[in-house]
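Accompanying notes for the structure given below.
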Amino acid sequence: MLLALGTGAVHIAPADTLAVLLGGDRGQATLIVQQIRLPRVLLAGIIGATLAMSGAAMQGLFRNPLADPSLIGVTAGASLGASVLIVAGGSSLSGLAGLSLVSLGAFAGGVLAVLLVYRLASSENGTSVATMLLAGIAITALAGAAGSLLEFFTDNERLRQISLWKMGGLDGANLPRLLLASVVAGAVLLALPRYALPLNTLLLGESEARHLGIPVNRTKLALIGWVAVGVGTSVALVGTIAFVGLVVPHIVRLLIGPDHRTLLPASALAGAILLVCADALSRIVLAPTELPVGIITALIGVPFFISLLRQRHQYGMQT
Numbered sequence: 001m002l003l004a005l006g007t008g009a010v011h012i013a014p015a016d017t018l019a020v021l022l023g024g025d026r027g028q029a030t031l032i033v034q035q036i037r038l039p040r041v042l043l044a045g046i047i048g049a050t051l052a053m054s055g056a057a058m059q060g061l062f063r064n065p066l067a068d069p070s071l072i073g074v075t076a077g078a079s080l081g082a083s084v085l086i087v088a089g090g091s092s093l094s095g096l097a098g099l100s101l102v103s104l105g106a107f108a109g110g111v112l113a114v115l116l117v118y119r120l121a122s123s124e125n126g127t128s129v130a131t132m133l134l135a136g137i138a139i140t141a142l143a144g145a146a147g148s149l150l151e152f153f154t155d156n157e158r159l160r161q162i163s164l165w166k167m168g169g170l171d172g173a174n175l176p177r178l179l180l181a182s183v184v185a186g187a188v189l190l191a192l193p194r195y196a197l198p199l200n201t202l203l204l205g206e207s208e209a210r211h212l213g214i215p216v217n218r219t220k221l222a223l224i225g226w227v228a229v230g231v232g233t234s235v236a237l238v239g240t241i242a243f244v245g246l247v248v249p250h251i252v253r254l255l256i257g258p259d260h261r262t263l264l265p266a267s268a269l270a271g272a273i274l275l276v277c278a279d280a281l282s283r284i285v286l287a288p289t290e291l292p293v294g295i296i297t298a299l300i301g302v303p304f305f306i307s308l309l310r311q312r313h314q315y316g317m318q319t
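Per my numbering, residue 1 is the first one in the sequence shown, and the count goes up by one each step.
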């Protein structure tokens, strides 16, 4: 954490960073650490943990290690909501609790998309995971098409704003955003581990889980709801950050196994570390220019992910 706080266009030595955190006065370094980098690093950790744990929960629910939260439409819906508000000029207007109207529109779009997916997948017989997957793909495609249509007709300035928002970034971190993320993510990070045993049981199949006394439909609804709130808030605050919710839990599962009692908290920790490190790199790769953090997460994680998959494949061939 000290290295992340000291990393950027203006380098701050770890000793000075520690002194600032302990209440010392180091002039310009105090301002940079307290007002700019500390909220940013904390927000990165919170968002990374939320995305990774949400991804682990979705992979357990869909019984697919390559599933991620975007499968239920929350990311595409949030992107469409943000695009609508950007085209309408909402990026220059204030919303609530220090958030722009774009952030509020992104959250609303993500939640509405998830509600629509859940409604399409539900029937008198319950909620079908397979139908939910197909509905999520359809809603994601529809939201993507609507967003592309908006981008086609908008001007270059707003088109650039949309593109940068979709790449994700933590440069807008401040105290109101940090407090909101802490409250929402805290609730999500405390709630999802409560479903570790039901998720473990669902790995056996829905019929088996019902026979073992698991309220399958209620578990599905709770998991979808918590993930929608957590990921919707994350996307609303920092934009779209791909890869974290997909690859982090998959890598953690390869390392420690599929038991959700350990997988969920370990994924949260790994996601927090990854996003903090990625944000630090985004500030120094082309300093003083900052790269979108979503690009860094992909560049860091994809090669590592491919390496692990190759190792697993080679191990399977040997056995």
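All residues carry an ideal CB built from backbone N, CA and C; glycine is no exception.
Asked, Found
"For Gly105, I'd like the list of residues in its chain whose CB is within less than 7 Å of its CB, leaving aside the five on either flank, ordered along the chain.", "Gly81, Ala82, Val84, Leu85, Gly90"
"Locate the alpha helix (DSSP H) running through Leu195, then write down its first and last residues.", "Reading off the sequence shown, one finds Tyr at residue 195, where the question assumed Leu. Where Tyr195 is concerned, there is no enclosing alpha helix (DSSP H), given that its DSSP letter is neither H nor E."
"For Val302, count the other beta carbons within 10 Å of its own beta carbon; 16 or more makes it buried, fewer makes it exposed. Which is it?", "exposed"
"Any idea what DSSP makes of Gly55, helix, strand or coil?", "helix"
"Mark His11 as exposed unless 16 or more other C-beta atoms lie within 10 angstroms of its C-beta, in which case mark it buried.", "exposed"
"Out of Leu142, Met58, Ala67, Asp279, which one is the CA nearest neighbour of Gly172?", "Asp279"
"My understanding is that Leu237 touches Ser103, with C-beta atoms under 8 Å, so please give their C-beta distance in whole angstroms.", "6 Å"
"If you draw a straight line from the C-alpha of Leu21 to the C-alpha of Gln34, how long is it?", "8 Å"
"For Arg283, count neighbouring Cβ atoms within 10 angstroms of its own Cβ and tell me buried if that reaches 16, exposed if not.", "buried"
"Which of helix, strand or coil does DSSP assign to Thr219?", "helix"
"What residues in its chain sit with their C-beta under 6 Å from that of Leu56, if we drop five residues either side in the sequence?", "Residue identity check: residue 56 is Ala in the sequence provided, not Leu. Once the five neighbours on either side are set aside, the close Cβ partners of Ala56 are Pro249, Leu263, Leu264, Ser267."
"Would you report the Cα separation of Thr50 and Thr233, rounded to the nearest angstrom?", "10 Å"
"Name the residue from Glu151, Val184, Ile139 whose alpha carbon lies nearest to the alpha carbon of Leu164.", "Glu151"
"Spatial neighbours of Ile256 within its chain, please: C-beta separation below 8 Å, excluding the five flanking residues on both sides.", "Thr262, Leu263, Ala266"
"On the three-state DSSP scale, how would you describe Ser182?", "helix"
"Looking only at its chain, what residues have a beta carbon closer than 7 Å to the beta carbon of Glu290, apart from the 5 residues adjacent to it on each side?", "Asp171, Ser282, Arg283"
"What is the DSSP secondary structure of Gly126, reduced to helix, strand or coil?", "strand"
"In angstroms, rounded to a whole number, what distance separates the CA positions of Ala76 and Asn174?", "25 Å"
"Kindly give me the distance between the Cβ atoms of Ile72 and Met132, rounded to whole angstroms, as I take these residues to be in contact under 8 Å.", "7 Å"
"Which runs of the alpha helix (DSSP H) spanning at least 4 residues fall entirely within the region 58-92, listed in chain order?", "74-87"
"How many angstroms separate the CA atom of Leu5 from the CA atom of Leu149?", "40 Å"
"Closest by CA to Ser122, which one among Leu199, Pro288, Ile224?", "Ile224"
"Could you tell me whether the region 188-195 touches the region 210-223, where touching means 3 or more Cβ pairs closer than 8 Å?", "yes"
"With burial defined as no fewer than 16 other Cβ atoms inside 10 Å of the residue's Cβ, what is the status of Gly8: buried or exposed?", "buried"
"Can you grab the Cα-Cα spacing for the pair Met58 / Gln28, in whole Å?", "44 Å"
"Would you please state the rounded distance, in angstroms, between the beta carbons of Val87 and Arg158? I believe it to be under 8 Å.", "6 Å"
"What are the boundary residues of the alpha helix (DSSP H) that Gln35 is part of?", "Element bounds for Gln35: n/a, residue is neither H nor E."
"At what residue ranges does the region 98-163 contain a whole run of the alpha helix (DSSP H), taking only runs of 4 or more?", "101-121, 129-153"
"Return helix, strand or coil for Gln289, following the three-state DSSP convention.", "A small fix is needed here, since residue 289 is Thr in this sequence, not Gln. The answer is strand: DSSP assigns Thr289 an E or B state."
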